[in-house]
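Trainee: Just so it is clear: in the sequence shown, position 575 is 575 by UniProt numbering, and no numbers are missing.
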Amino acid sequence: MANNNHRKLSAGQRCQIGLDFYEFLKETDRASIINRLQLRDIYNDDFRRRTPGTKDPNFGSVLYALKTHGKITRRRDNIYFNASVRDLYVDQWHTPRNCQPQAVQNGASSPAPAHTSPDEADTGVRARRKLASLLMTKLKTERAQFISDKHGISITSNSDQHFQNGTLKLCVEGTYEYTVSLNVKNTGTAPVYFTYYTPLQWLKYLNLQDEHKVTKANPLTLNPGDSYEIKVYFCCHWVGFYPATLAFEFKPDLGPSSTSFHIVRFIEAQCMGSLGVELAPVAPYKPRSLPVWTPEVNCKIVDGQPPEGLSVMHLQNVVPLRDYRIPPDTNQLISLLKQPSPCRDRRRALLESPLSWENYTEKMQLLLYLEELQMEVDIKKYNIPNNDKEYATMVRDPVNKKLLVLEVPGVSENRPSVLRGDKLLVCPIGEKGVKYCGYVHSVQLDSVKLGFSSKLLDSFIDGMKFSVEFTVNRLTLRLQHRAAELAATKRLGKVLFPAAPAYVSQQIELPNLRLFDSKLDGNKEQSQAVQHIVAGSSKPAPYLVFGPPGTGTASASILFFFLELCCLSNLVLTC
Numbered sequence: 001m002a003n004n005n006h007r008k009l010s011a012g013q014r015c016q017i018g019l020d021f022y023e024f025l026k027e028t029d030r031a032s033i034i035n036r037l038q039l040r041d042i043y044n045d046d047f048r049r050r051t052p053g054t055k056d057p058n059f060g061s062v063l064y065a066l067k068t069h070g071k072i073t074r075r076r077d078n079i080y081f082n083a084s085v086r087d088l089y090v091d092q093w094h095t096p097r098n099c100q101p102q103a104v105q106n107g108a109s110s111p112a113p114a115h116t117s118p119d120e121a122d123t124g125v126r127a128r129r130k131l132a133s134l135l136m137t138k139l140k141t142e143r144a145q146f147i148s149d150k151h152g153i154s155i156t157s158n159s160d161q162h163f164q165n166g167t168l169k170l171c172v173e174g175t176y177e178y179t180v181s182l183n184v185k186n187t188g189t190a191p192v193y194f195t196y197y198t199p200l201q202w203l204k205y206l207n208l209q210d211e212h213k214v215t216k217a218n219p220l221t222l223n224p225g226d227s228y229e230i231k232v233y234f235c236c237h238w239v240g241f242y243p244a245t246l247a248f249e250f251k252p253d254l255g256p257s258s259t260s261f262h263i264v265r266f267i268e269a270q271c272m273g274s275l276g277v278e279l280a281p282v283a284p285y286k287p288r289s290l291p292v293w294t295p296e297v298n299c300k301i302v303d304g305q306p307p308e309g310l311s312v313m314h315l316q317n318v319v320p321l322r323d324y325r326i327p328p329d330t331n332q333l334i335s336l337l338k339q340p341s342p343c344r345d346r347r348r349a350l351l352e353s354p355l356s357w358e359n360y361t362e363k364m365q366l367l368l369y370l371e372e373l374q375m376e377v378d379i380k381k382y383n384i385p386n387n388d389k390e391y392a393t394m395v396r397d398p399v400n401k402k403l404l405v406l407e408v409p410g411v412s413e414n415r416p417s418v419l420r421g422d423k424l425l426v427c428p429i430g431e432k433g434v435k436y437c438g439y440v441h442s443v444q445l446d447s448v449k450l451g452f453s454s455k456l457l458d459s460f461i462d463g464m465k466f467s468v469e470f471t472v473n474r475l476t477l478r479l480q481h482r483a484a485e486l487a488a489t490k491r492l493g494k495v496l497f498p499a500a501p502a503y504v505s506q507q508i509e510l511p512n513l514r515l516f517d518s519k520l521d522g523n524k525e526q527s528q529a530v531q532h533i534v535a536g537s538s539k540p541a542p543y544l545v546f547g548p549p550g551t552g553t554a555s556a557s558i559l560f561f562f563l564e565l566c567c568l569s570n571l572v573l574t575c
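1) Thinking C-beta only, is Phe248 closer than 9 Å to Val232?
2) So, helix, strand or coil for Lys380, using DSSP?
3) How big is the Cα-Cα spacing for Ile34 and His69?
4) Within the same chain, show all residues whose beta-carbon is closer than 6 Å to that of Phe266, passing over the 5 residues directly before and after it, in chain order.
5) What residue from Pro511, Glu509, Ser289 and Leu404 has the CA that sits closest to Asp458's CA?
6) Does the separation of the CB atoms of Ser412 and Asp446 fall below 9 Å?
7) Excluding the five sequence neighbours on either side, which residues of its own chain have a C-beta within less than 8 Å of the C-beta of Asn473, listed in chain order?
8) For a test of your reading of the model: does the CB of Lys138 fall under 8 Å from any non-hydrogen atom of the ligand MG? Yes or no.
9) To the nearest angstrom, how far is the alpha carbon of Pro284 from that of Ile379?
10) Does the beta-carbon distance from Leu477 to Leu368 come in below 9 Å?
11) Is the beta carbon of Asp303 sitting closer than 9 Å to the one on Arg396?
12) Measuring straight from C-alpha to C-alpha, what distance separates Ile326 and Thr361?
13) To the nearest angstrom, how far is the alpha carbon of Val318 from that of Ala488?
14) Over what stretch of residues does the alpha helix (DSSP H) that includes Val472 continue unbroken?
15) Spatial neighbours of Ala114 within its chain, please: C-beta separation below 7 Å, excluding the five flanking residues on both sides.
16) Where does Pro101 fall in DSSP's three states?
17) Could you tell me if Tyr228 is buried or exposed, where buried requires 16 or more neighbouring beta carbons within 10 angstroms of its beta carbon?
18) If you measure from the beta carbon of Leu544 to each beta carbon in chain D, is any gap under 9 Å?
19) Should Ile508 and Ala483 be called a contact, given that it needs their Cβ atoms to be closer than 9 Å?
20) Could you please give the first and the last residue of the uninterrupted beta strand (DSSP E) stretch that includes residue 597?
21) Which value, in whole angstroms, describes the spacing of the CA atoms of Arg348 and Leu333?
22) Specify, as a first and last residue, the run of the beta strand (DSSP E) that Leu155 falls within.
23) Give me the DSSP bridge partner(s) of Glu362.
24) Using the rule of at least 16 other Cβ atoms within 10 Å of the residue's Cβ for burial, across every protein chain shown, is His237 buried or exposed?
25) Considering only C-alpha positions, which residue in the set Lys539, Ser257, Ala541 and Gln528 is nearest to Ser557?
26) Starting from the Cα of Leu222, find the closest Cα among Val545, Leu513 and Gly188 and give me that residue.
27) Report all residues from its chain with a CB closer than 8 Å to the CB of Glu376; omit the five preceding and five following residues, and keep chain order.
28) How close, in whole Å, do the beta carbons of Asn186 and Asp226 come, if the pair is a contact with beta carbons under 8 Å?
29) Checking the sheet assignment: what are the DSSP bridge partners for Ala247?
30) Taking the alpha-carbon positions, what's the Cys427 to Lys435 distance?
31) If you draw a straight line from the C-alpha of Tyr382 to the C-alpha of Arg288, how long is it?
32) Report the three-state DSSP secondary structure of Met136 (helix, strand or coil).
33) Tell me the residue span of the alpha helix (DSSP H) that contains Phe534.
34) What distance in whole Å lies between the Cβ atoms of Leu39 and Thr79, which are believed to be in contact at a cut-off of 8 Å?
35) How far does the alpha helix (DSSP H) with Tyr22 in it extend, from its first residue to its last?
36) Can you check DSSP and say which residues form a bridge with Lys185?
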């Protein structure tokens, strides 16, 4: 069973165990040993058996992982840990075996007399791994207990920021190195012994230091009123988010029957450059909630004035576009999906089944119905009145007096998503039974210009108060529904689910083409893509043209259209 567990460990996990082993060597003053056989014996006899129940992989697999990750160098039977490993583990928690008690400034506290030898006490690596496993499990259900101060011990920060709910949030600007001091203070009436502290994960960007190098073998006595400082050093090489979970262990006395207690603190350091500072939020994020909204029944809707180009359709609809309204029982499906109910529903089984040609149309349309419902929920969060505004006001557009301008903060960032041609419904405050449909003519930075009927424009006065409803433009959804149906009607299974032929076909000979744009002759990738598309080398699968902006994907596609249209019988659909 143990061997099976070891096979599941990744190379990175085995490498981490190897780094723990190096820390173990440091703590037991055996880091100078380089002979492979001696290290193997220490690993098997001392490291693996140090804590009952801990199962580590064999020594050979750990060495291999360390070597592949660049942590060691092997010369015959000698193993050398590289400088990056040695620097990482220099005196972070290591205490010499025969250390003498050191006087503490101001007489605040003093190291407690050692009651066990390092050989008898849990070493840092084993204690950390055991403690991390215990606390990480308990933090999921007992977080409030572990982040609270207890037995008179408080852990605070000396920085401008303070712990909130056990978490200290730091913003590091313009520098990649930051230091924060933590203050451990005994506010009680009895001495408490500070026995251990550690991060619950090994973090390359984090280093902890304290004056007396507190360990289980070298505990520190905190008398009433005493305080003790711990330095936390962050070294962030990149802009980003750097979290750390720190655990502190204390005992009321050093007797063998004394029960230890723990306090956990979380530190979240966010390293930001000048651009990040400039774009930082100005206020904490507050998720929008659905406003209290009672839709009017039998309400008359007065249509507005669409923008030019939308009201006139010059093309004839050859394939009808149906409405594809959401089935009335779809909301019941959403409630069912939220519950881990054992009862089976055909639509739930359809959603959980893999996508195939047999269920393609039905599954895609069901997903579209669910997506539309969610889009309606999302857009309704911006309806007015809401938690931020009781009503909305509009003014006439100074350029086009037939348009009204509605202020919509965040519209340029798609909050809400409003495009030209979309509809909004407004109702004057106090007026019942009628709503005015306004078409979006243009979207500005923080406002939209709307076209309403002359009935509203004739009675409009600047500063009038309105309620506003945002709506979902269903045109794209309807087109997607029709596409899912036509996929089945036109039998596009081989295109949507292409399969390699059972036989190995001969390599397709690419045609020699005379390109309309002679500049593309010098671009091998572009010209080959056009040749493959014309030859149909990817059939029955589509040929995918991919590339970052500026690499010629659009030019290659346009050239292909020209070549295909040279044959009068060919049809090309461009989106």
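Here a beta-carbon is modelled for each residue, glycine too, at the ideal position from N, C-alpha and C.
Mentor: Answer, in terms of the structure:
1) No, Cβ-Cβ distance for Val232 and Phe248 is not below 9 Å.
2) The DSSP-derived three-state label of Lys380 is helix.
3) Just so you know, the alpha carbons of Ile34 and His69 end up roughly 19 Å apart.
4) Cβ within range, chain order: Gly166, Thr167 and Thr245.
5) Nearest of Pro511, Glu509, Ser289 and Leu404 to Asp458, Cα basis: Leu404.
6) Yes, the pair counts as a contact, with Cβ atoms nearer than the cut-off.
7) Excluding five sequence positions before and after Asn473, the CB atoms of its chain that fall closer than 8 Å to its own CB belong to Leu419, Gly421, Asp422 and Lys423, given in chain order.
8) Looking for the ligand MG in the displayed structure turns up nothing, as the structure carries no ligands at all.
9) Within the model, the alpha-carbon separation for Pro284 versus Ile379 is close to 21 Å.
10) Yes, the pair counts as a contact, with Cβ atoms nearer than the cut-off.
11) Contact flag unset, no.
12) Cα-Cα distance, rounded: 15 Å.
13) So the two alpha carbons sit approximately 18 Å from each other.
14) Per DSSP, Val472 belongs to no alpha helix (DSSP H) and is neither H nor E.
15) Its pLDDT being 36, under 50, Ala114 is placed unreliably by the model, and the measurement read from it follows with that caveat. Taken in chain order, the residues that qualify are Ala217 and Asn218.
16) Reliability of the predicted coordinates at Pro101 is poor, the pLDDT of 34 falling under 50, and the value obtained from them is presented with this limitation in mind. Of the three classes helix, strand and coil, the one that applies to Pro101 here is coil, per DSSP.
17) Of the other Cβ atoms in all chains shown, 16 or more fall within 10 Å of the Cβ of Tyr228; this residue is therefore buried.
18) The question asks about chain D, but that chain is absent: this structure has only one protein chain.
19) Ala483 is positioned such that its CB atom lies no closer than 9 Å to that of Ile508.
20) Given a span of 1 to 575 for the chain in the structure shown, any question on residue 597 remains unanswerable.
21) Going by C-alpha positions, Arg348 is about 8 Å away from Leu333.
22) The question names Leu, yet the displayed sequence has Ile at residue 155. Following the DSSP letters along the chain, one finds Ile155 inside the beta strand (DSSP E) bounded by residues Ile153 to Ser157.
23) None, per the DSSP bridge assignment.
24) Here His237 is exposed, its C-beta having fewer than 16 other C-beta atoms within 10 Å.
25) Minimum Cα distance to Ser557 is reached at Gln528.
26) Out of Val545, Leu513 and Gly188, the CA that lies nearest to the CA of Leu222 is found in Gly188.
27) Once the five neighbours on either side are set aside, the close Cβ partners of Glu376 are Val472.
28) Under the criterion of beta carbons closer than 8 Å, Asn186 and Asp226 qualify as touching, at roughly 5 Å.
29) Bridge partners of Ala247: Thr198 and Val264.
30) A direct Cα-to-Cα measurement between Cys427 and Lys435 gives close to 5 Å.
31) Each residue's Cα considered, the two are about 8 Å apart.
32) If DSSP states are grouped into helix, strand and coil, Met136 belongs with the helices.
33) According to the sequence provided, residue 534 is Val. The question's Phe does not apply to it. Here the alpha helix (DSSP H) through Val534 covers Lys524 to Ala535.
34) Reading the sequence as shown, one finds Ile at residue 79 and not Thr. Contact holds; Cβ gap of about 6 Å.
35) For Tyr22, the enclosing alpha helix (DSSP H) covers residues Ala11 to Glu27.
36) Per DSSP, Ser154 and Ser227.
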